[in-house]
Structures are given as structure tokens and as C-alpha cells.
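Have a look at the structure below, then the notes.
Here it is, written out as C-alpha cells:
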């Protein structure tokens, strides 16, 4: 079984973020970057499927979406976890794209590879879009199941049955292979790379593919091909200054309920 | 007349989701800029009875796709229905709620129509030419991005639930209802929903709740969540949890608020025994009113709280439940 996992490198979730002076990006110097947490579930799931079936190979694919980014490091982390092959899509023409151009580039690369199952994280925790995986499935003309927290692969019948988290329940979805899955927390517990895995991953060759490798026109991708333009970033609106209600517990609770009812008018 | 705004109004089991009416309300406010028609589209197996509610909430034209094959959500069938409708109508924008269905449908639709896609918007304006300018939280709510679509055509937006308000219902005669004919045989549903397993106990859904009572490690034991369930039941609230207690296996992942969990925007968020890690704060900082109950006066949650009580939650929460019950009884 051929498994391909698409991953993205993002700032660690505990990062405190500041904006650049022109307000169009975050300050990246000094930040710790990691494999997107949801993508770790995707890598882990691919490794577990390979282990369960006793055969198959796991390829990880990443797109350099920003000049100041180190996707090589993220790909090596996945190799250290146990992936067999790593491909980096890197070309200045890809810079400044949006969800659509990202999906175009990934789909163009994926058309050059053979696969039974594609795995993505349910969203990257930087853009919080949750769009690219689904867009890739549509561009490739294959089924997808998004936000999956349980997955069974039936190799005989060439199908997957996936549990997808929805409001107040679970949708049980069956799809024929090849298919694309986006992974939600709860699917598995991602492993830590082993020390020999880390040492080994350092020696491994990363394949680098550029625009010419995937034969895509430069005007179709990057900022030129994007349908969206970033106007600026801004901090979330400041919260009104709060207050601590003093007094003993009983009196404080009475005052709290009065404030919620009369001042905030939320109960 | 300018090109219309198409609003996909989600329904489940023959009931409209509130967020669909919120999207309809925002479409009506935007349509004043462009004097566009607001067209509602509803897809499902039993949707004929929903037309009055849609008209009362601002839909000037209603499109129904009704078929037993549409009982469950199918990304392939729903995308084909909405995309074919959009190709005929040429709407300036296609709007829907950022629900599990909307966030699945919108990207597939955007890829098929080669459209700009703005997910999970918390503010939305339209320029004179029809281009949308959207504000969307990024980095788990630590920042917001203001993005603009380059072309004022078929711009696809999903709106975060509970942020936009529906129009006040105004009794309106239903003037224009059209039934869409879809040849379902020609569309192969590539992924098929077999069944929906309901979460037990008819629990309130976090992303749809107007009030959330949430607990963290300060509760000390998983069974102490009973205190929060009692308070939630008095308030008509959903129960949420911090990542720490979800990772410890005390609560299911679907209860987790914050990065790698749910992002919520309720009217009232009551944080009990949650210190307020940056990942948690990101997921709930857009709540309108925040109450924090914690025994550590230096807990970061107090920086965000509208009202805080420093003290023992095991004493305060039961008192609060009683006070709320008294208020509701009045």
C-alpha cells in the first residue's frame, strides 16, 4: 500500500507571536517551528497502517510556503518517526500563495506519484484554514473524508471506513481507494522519533522538486495565481478590563450572578 | 440588479441550523451595498417546510434540493448541487456557516469553481465593486488576518457560528420557491455516509452553545465534573474542558476547548479550575463575557476574565449553581 502524507511546518502552539512592523507577517526570528500537530496524527496513522499490513511505503511531502521556513527539518522529523521517503516542493514561484494555489502545487506533485491513500492534518494551526486537503482531493478527482478520528483500511475491497467528528455525533463514512483523509486529534498517539531514527534521518537525502519538476506555470501559482490577497494582520480586539469580585464565597457568588444578569445580561 | 448572494442554509433532520440564518442575516446586510437578491439554497430529504422560516429571515428567493438521497451529507452530491446552481446564478458570493458541513463543502466548492475561499470569518464587509473583505482568526486566535478576494465573483465564505446575528424574523410572504432537479445517477457519490452515531445523552454541542462551563485540572478528579454538569444544567450550558484533562482521559476530545480542540465564541464562558495556558486562551478569548473561578490569583485566565472569583471552586461552584437556580425560578 502506498501512503503519502502532506505536512506543513508551523510555529509551536505555545509560541507568543508578534507582528512585523508593516503588519503583513509574524516575526519569525526566535520562534520554535514544529511539524503541524494535526499532521503528526497523519504521519503516525500512515506508519501504523504500514505496520498493520506488514508492507507498504510512506512518503512525506511538504511545500515551502515561506522564505523563512525550514521544511527540511520537519521532513527529517517525519523520516525519524519512520517515513520511507521525503519530498520537498520548493520554488520562489510558490511564495505568497493562498489555499487554492497551495492545493494546485500539491496536486501537481501528487499526480507524479502513485498512492492508495493520502493523509493530511485537518488544518494547519497557522492559517487555520482546513481547506487545502479537501481542495487537493477535488483537484485530483478522488473522494475525501475530513476531520477523521478513527480509520479502518480494507485492503481486499480497496475501501476505507472513517469516523468523522461532527456537531453532536460521528458520521461513519465509506470511501473507495484511492482516497484522501484529513486527521483529527484522537485518531492515534504520535510516536516520538527514536534516537537511531534521528541519527539516520540526518544522513538521508531529501528530494527537492521545483516548478519545472511538476510542470506548472509560474503565473498559476504563488501570489500571481492566488485568489486571495492579505491586507494585513491585526491583534484580536482587546478585552474589556475585568474585575475580581472580593468578599467571602457566598457574597461573591451573589454579586457575580447579579452582574451576569443585570450588567452583562448573559443569564 | 447586481448579481445575487447565494446562502447555503444548512439543515439536519428537517431543522435549520441557526448559523444558516446568521449567514442569511449578514448576506442581507451586505446586499444593501450591492442591491443584490439574497437567494437561500437548502439541501436535504425533507426541506419543503422550511421556506417560511427562510423568507421571514430575509431570503428573497429560495431554492430547494429535496431527495431521499440527500438525507445524509455527501460532499460530492452537495458540491455538485451548489456548484451547478452557482454556475447558473453567477452569485457575487456564496455564504454558509463554518460548521463541520460548511467547512467541508466550501473548500470542495472553491476548488471546483476556482474561487477565493475565506474560512471561519468573524467580520465581513463588501466593497462597492463587490469584493469581500473578511477578518478571520489565525494562529488559533492569537492574531487575525484581514483578507480580500481579488475578483468579485463567486467568493466563498464560511462564517463562524454565534458571531453574526440573524435578522429579526419579519413575517414575509414566500414569493419565490424553486425546486432544483438533480440527476443523482449522473453524480457518483464517491464517499458515502453509512450512519450518524449520536453522542450519548443529547449533550449540548460546544460550538453551538451560547453558554459554556469549562473545567481544568483544578477539578482534581474526573468525577468532580459532576459539579460543572450541575451548573451547566442550571444555566442551559454545554460543558467544555482544558487540554490537560482531555489528555488525561477525563473528558472526550470533542469537549476540548483551545488549539487542537474547538474554538468557541459563546455569550458566556465560565472557566473553573483552568489556569489559562496560551493554547486554551486562544480557543475562547472571543467569548463575550468570561468568568474565571480559580484558587490561584496569578492564573493567566484572570487577565482575560470579565469577572473573576479567587477561591475554592469546590465551594464556589455549588453556591453558583444554587444562585442561578434561584434566579431562574424568579
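Protein chains in written order, with my numbering: chain A, 578 to 844; chain B, 4 to 333.
Glycine included, each C-beta is placed from N, C-alpha and C at the ideal position.
ask   = Does the separation of the CB atoms of residue 283 of chain B and residue 245 of chain B fall below 7 Å?
value = yes
request  = Measure from the alpha carbon of residue 827 of chain A to the alpha carbon of each residue in B:323, B:308, B:260 and B:304, then state which is nearest.
outcome  = B:323
Option in B:292, B:314, B:165 and B:106 with minimal Cα separation from residue 24 of chain B = B:165
message = Along the region 184–207 of chain B, where does the CB come closer than 9 Å to a CB of chain A? Name the residues.
response = If the cut-off is 9 Å between Cβ atoms, the region 184–207 of chain B has 192, 193, 194, 195, 196, 197, 198, 199, 200, 201, 202, 205, 206 and 207 near chain A.
query = Apart from the five residues on each side of it in sequence, which residues of its chain come closer than 7 Å, Cβ to Cβ, to residue 247 of chain B?
reply = 219 and 220
ask   = Would you report the Cα separation of residue 675 of chain A and residue 681 of chain A, rounded to the nearest angstrom?
value = 10 Å
task = Would you kindly check if the distance between the Cβ of residue 737 of chain A and the Cβ of residue 708 of chain A is under 7 Å?
result = no
inquiry  = Give me the chain A residues within the contact set of residue 100 of chain B, using Cβ-Cβ distance strictly less than 9 Å, ordered along the chain.
reply    = Here the premise fails: no neighbours, minimum Cβ distance about 10 Å.
inquiry  = For a cutoff of 7 Å on Cβ pairs, would you count residue 586 of chain A as touching chain B?
reply    = Closer than 7 Å to the CB of residue 586 of chain A there is not a single CB belonging to chain B.
ask   = Contact between the region 121–134 of chain B and the region 766–776 of chain A: three or more CB pairs below 8 Å?
value = no
key: the region 141–152 of chain B: positions lying closer than 7 Å to chain A by Cβ   = 141, 142, 143, 144, 145, 146, 147, 148, 149, 150, 151 and 152
task = For residue 645 of chain A, count neighbouring Cβ atoms within 10 angstroms of its own Cβ and tell me buried if that reaches 16, exposed if not.
result = exposed
key: Inter-residue spacing [alpha-carbon to alpha-carbon] between residue 607 of chain A and residue 590 of chain A   = 14 Å
inquiry  = Runs of 4 residues minimum, wholly inside the region 585–665 of chain A: which ones carry the alpha helix (DSSP H) assignment?
reply    = Runs of the alpha helix (DSSP H) inside the region 585–665 of chain A: 614–630 and 648–658.
query = Going by beta carbon distance, what residues of the same chain come within less than 6 Å of residue 595 of chain A, once the five residues before and after it are set aside?
reply = 604
query = Looking at C-beta atoms only, is the number of pairs between the region 660–671 of chain A and the region 792–804 of chain A that lie closer than 8 Å three or more?
reply = Yes: the two stretches touch, three or more of their Cβ pairs being nearer than 8 Å.
inquiry  = Any C-beta of chain B within less than 8 Å: which residues of the region 803–820 of chain A qualify?
reply    = Within the region 803–820 of chain A, the residues whose Cβ lies closer than 8 Å to some Cβ of chain B are 803, 804, 805, 806, 807, 808, 809, 810, 811, 812, 813, 816, 817, 819 and 820, listed in chain order.
request  = Put residue 255 of chain B into one of helix, strand or coil per three-state DSSP.
outcome  = Coil.
message = Strictly below 9 Å CB to CB, what residues from chain A border residue 288 of chain B?
response = Within chain A, the residues near residue 288 of chain B are 813 and 816.
As assigned by DSSP and simplified to three states, the class of residue 70 of chain B = coil
key: Contacting residues, own chain, Cβ-Cβ under 6 Å from residue 274 of chain B (five flanking each side not counted)   = 217, 295 and 304
ask   = Nearest chain A C-beta to residue 115 of chain B closer than 7 Å, yes or no?
value = yes
inquiry  = By the three-class DSSP mapping on this structure, what secondary structure does residue 827 of chain A have?
reply    = helix
ask   = Going by other Cβ atoms of all chains shown within 10 Å of its Cβ, with 16 needed for buried, is residue 809 of chain A buried or exposed?
value = exposed
request  = Please confirm if residue 217 of chain B has its CB atom under 7 Å from at least one CB of chain A.
outcome  = no
ask   = In this structure, does DSSP put residue 195 of chain B in helix, strand or coil?
value = strand
request  = Return yes when the Cβ of residue 100 of chain B is within less than 7 Å of the Cβ of residue 26 of chain B, no when it is not.
outcome  = yes
ask   = Which residues of chain A have a Cβ atom closer than 9 Å to the Cβ of residue 256 of chain B, listed in chain order?
value = 726, 742, 761, 762 and 763
query = Given a threshold of 16 other Cβ atoms within 10 Å of its Cβ, counted over all protein chains shown, does residue 789 of chain A qualify as buried or as exposed?
reply = exposed
ask   = Under a Cβ-count criterion, where at least 16 other Cβ atoms within 10 Å of its own Cβ denotes burial, should residue 639 of chain A be classed as buried or exposed?
value = buried
inquiry  = Could you check whether the Cβ of residue 274 of chain B sits closer than 7 Å to any Cβ belonging to chain A?
reply    = So, not an interface residue.
task = Drop a sphere of 10 angstroms on the beta-carbon of residue 98 of chain B, count the other beta-carbons inside from all chains shown, and report buried for 16 or more, exposed for fewer.
result = Buried, since its Cβ has 16 or more Cβ neighbours within 10 Å.
inquiry  = So that I know if they touch, is there some Cβ in chain A lying closer than 7 Å to that of residue 265 of chain B?
reply    = By this cut-off, residue 265 of chain B is not an interface position.
request  = Check residue 139 of chain B in the structure and name its three-state DSSP category.
outcome  = DSSP places residue 139 of chain B in strand when its eight states are reduced to three.
task = Report yes if the C-beta distance between residue 119 of chain B and residue 152 of chain B is below 7 Å; otherwise report no.
result = yes
message = Pull the bridge partners of residue 808 of chain A from the DSSP assignment, please.
response = In the DSSP output, where bridge partners are listed per residue, residue 808 of chain A has none listed.
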